[in-house]
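To keep things clear, I will list the structure first and then write my remarks on it.
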Amino acid sequence: MDVILFAIFAFLSVACAVIMIAQKHPVSSALSLIGVMGSLAILYLLLGATFIAAAQLIVYAGAIMVLFLIVIMLLNAGEEPKPSHQSLIARLLGAPLIVVFLGALGFIIYISIPTEETKVTFAAAKAGSAEDVGMALFTRYLLPFEITSVLVLIAILGAVVLARKEME
Amino acid sequence: MPPLPQELINGVPINAYLGLSAVLFTLGVAGFLFRKNLITVFMCIELMLNAVNLSFVAFSYKHGKVDGHLFTFFVMVVAAAEAAVGLAIILTVFKNRQTLLVDEVDSLKL
């Protein structure tokens, strides 16, 4: 079951990522990115990270992507123009070189994979519920958590200052 | 449907998660380099952050600890702050220059 779900959502996330960088229109890219984030949320669930999966859906797929879509529509961003000039060398040598590079990289990664590896199943996950995360967040990681609140406050102020109208 | 081999029934190898994370990160880098639209470039950065989050959670599973989840949580918070500020910068760039193409925003170029 874990394997099937992993295969489906891993494929979905990679497909959405490819569509995202292949699309010319920013709205299509943003919608594909939501697809990537949704599939990643399922993968977090398979890893037992229930709290992070929920946060991924709410914060990333919800809040951040809505912000992106609002800005795209506000600026009425259209399609990108075609690249005006492409060097002949890059066009001829690019594809073969990338195949060589990926082959070498894949080989190096393949020979360095350890033979004993952890198997991931949802049932065997040890930590990751909201309770575990909350306990760690408010005890060991309390100082970073508080500093984060200051960071967010600064970000709000920065966004307001940058986006306001110029006063006469 | 043929039955799955035994080693796959036991669970997904953790290397599969790390490989997926690497692939997504590479796609993010590729989009960052190839795309011309400022907003799309920004979305590729978000994709890279997501890819790194996946490996944090995978390593957290491997060690049976919750620390990786917290790193992911902090990355999410920073990404939200970054999105707010970055999109405000994009708005300002568009207001001053009426363009979103990265090639045309090159005042700092020598």
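Line by line, the protein sequences give chains V and U. FYI, in this note's numbering the residues of the first sequence are 1180 to 1347. FYI, in this note's numbering the residues of the second sequence are 507 to 616. Virtual Cβ for every residue (Gly too), placed ideally from N, Cα, C. As the structure is a computational prediction, the values presented were derived from the model and not from experiment.
Residue nearest to U:Ile-545 within the set V:Phe-1280, V:Ile-1243, V:Met-1216 and V:Ile-1288 is V:Ile-1243 (criterion: CA-CA distance).
Contact of V:Thr-1318 with chain U by beta-carbon distance below 9 Å is absent, the smallest such distance being about 11 Å. Remark: C-beta atoms of V:Thr-1297 and U:Ile-520 approach each other more closely than 7 Å. In summary, U:Asn-556 is buried, with 16 or more beta-carbon neighbours lying within 10 Å of its beta-carbon over all protein chains present.
U:Val-591 is the residue among U:Ser-527, U:Ser-613 and U:Val-591 whose C-alpha sits nearest the C-alpha of V:Leu-1332. Close partners of V:Val-1299 in chain U (Cβ separation under 9 Å): Gly-517, Val-518, Pro-519, Ile-520, Ala-522, Tyr-523, Ala-564, Tyr-567 and Lys-568. Excluding five sequence positions before and after V:His-1204, the CB atoms of its chain that fall closer than 7 Å to its own CB belong to Glu-1258, given in chain order. Where V:Val-1245 is concerned, the enclosing alpha helix (DSSP H) starts and stops at 1244-1254. Listed in chain order, the positions of the stretch 568-584 of chain U with a beta carbon within less than 8 Å of a beta carbon of chain V are Lys-568, Gly-570, Lys-571, Val-572, Asp-573, His-575, Leu-576, Thr-578, Phe-579, Phe-580, Met-582, Val-583 and Val-584. Put simply, of U:Leu-553, U:Thr-605, U:Asn-543 and U:Ala-564 the residue whose alpha carbon is nearest the alpha carbon of U:Gly-525 is U:Ala-564. The C-beta of V:Tyr-1223 comes closer than 7 Å to at least one C-beta of chain U.
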